[in-house]
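Written out below as structure tokens is the structure these notes cover.
Residue numbers (our numbering): 973 to 1248.
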């Protein structure tokens, strides 16, 4: 009777909004840590989200062509730095399997191998599939990547287990991250530079002996976004001050890593005017 009386006088939350407010109140009263509140709110919000809400849209997917030569495949793997790749045949929306980047090395040691034998089955999910259900499938099937299809069976995009978990715990550091490194510019195997989005413009100017403006912006990400008029998406490239910045990784509405190279000089067309 006493418990029922307490519940009557102080009823619990009867909606998700009130529950989130209760979590905020519990944090203020130091009953839970701020990190715990963020995760609990993420779980509640994720319950209302579907695969279509967090997927990487099809035009921005990095895919491999089953008929491409080995050198071309290796170049894509190096430049994008993913661990898994959807593989298509004939057209981009015809995904026939998933290739692990590490499996591609087997072709280097044994060129007689058929790439098809290295493919792993692709998992297809509808755009409407709930994230909580998808996370459960990821865990039970030990898959880390799923191809999202629309209502007509066409490829709409892809998402990974990391994309789902980030809705709960926030951004997850990955193989690109190196917070202990003093520099935001790294040399890649092909001689180009991997530049962090928050790298100082002055640092990039020093590496490339360039003259990018340093007065209005402090970071390369801010400068590139200003030049483009918006935050670029993965796969997009922007030329600024004689340098070409291609987006390697974008998360949370910001570019995490660029691939930076010198923009190719455009040779002027020869003039037909004899007096020129």
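Every residue gets a Cβ at the ideal spot worked out from N, C-alpha and C, and that includes glycine. As the structure is a prediction and not an experimental result, all values here were calculated from the model.
Among the candidates the options, whose CA atom is the shortest distance from the CA of residue i?
| i | options | result |
| --- | --- | --- |
| residue 952 | 1140, 1032 and 1037 | Limits of the chain in this structure are 973 at one end and 1248 at the other, which puts residue 952 out of reach. |
| residue 1178 | 1215, 1096 and 1123 | 1215 |
| residue 1212 | 1221, 1019 and 1201 | 1201 |
| residue 1095 | 1079, 1058 and 1077 | 1058 |
| residue 1157 | 1101, 1106 and 1232 | 1232 |
| residue 1056 | 1083, 1117, 1006 and 1016 | 1117 |
| residue 1120 | 1132, 1112, 1113 and 1111 | 1132 |
| residue 1205 | 1228, 1171 and 1180 | 1228 |
| residue 1110 | 1043, 1221 and 1135 | 1135 |
| residue 1186 | 1093, 1174 and 1114 | 1174 |
| residue 1028 | 1039, 1082, 1164 and 1130 | 1130 |
| residue 1043 | 1184, 1031 and 1077 | 1077 |
| residue 1053 | 1203, 1072 and 1183 | 1072 |
| residue 1163 | 1098, 1050, 1082 and 1064 | 1050 |
| residue 1026 | 1159, 1128, 1171 and 1172 | 1128 |
Residue i by DSSP, collapsed to three states: which one?
| i | result |
| --- | --- |
| residue 1088 | helix |
| residue 1184 | coil |
| residue 1203 | coil |
| residue 1081 | helix |
| residue 1221 | strand |
| residue 1003 | coil |
The beta strand (DSSP E) spanning residue i covers which residue range?
| i | result |
| --- | --- |
| residue 1059 | 1056-1061 |
| residue 1166 | 1165-1168 |
| residue 1234 | 1226-1234 |
| residue 1210 | 1209-1212 |
| residue 1157 | 1157-1159 |
Along the alpha helix (DSSP H) that carries residue i, what are the first and last residues, could you check?
| i | result |
| --- | --- |
| residue 1176 | 1173-1180 |
- Message: Threshold first: 3 residues or longer. Then list the beta strand (DSSP E) segments lying entirely within the stretch 1096-1143, N to C.
- Response: 1096-1098, 1117-1121 and 1127-1132
- Message: Count Cβ pairs between the stretch 1083-1099 and the stretch 992-1010 that sit closer than 8 Å; are there 3 or more?
- Response: no
- Flag this pair as touching only if the stretch 1185-1196 and the stretch 1119-1128 have three or more C-beta atom pairs under 8 Å; answer yes or no. no
- Note down, one range per segment and in chain order, each alpha helix (DSSP H) of at least 4 residues found wholly within the stretch 1009-1072. 1023-1026 and 1042-1052
- Item | Segment contact, 8 Å Cβ cut-off, at least three pairs: the stretch 1098-1107 with the stretch 1010-1024 | yes
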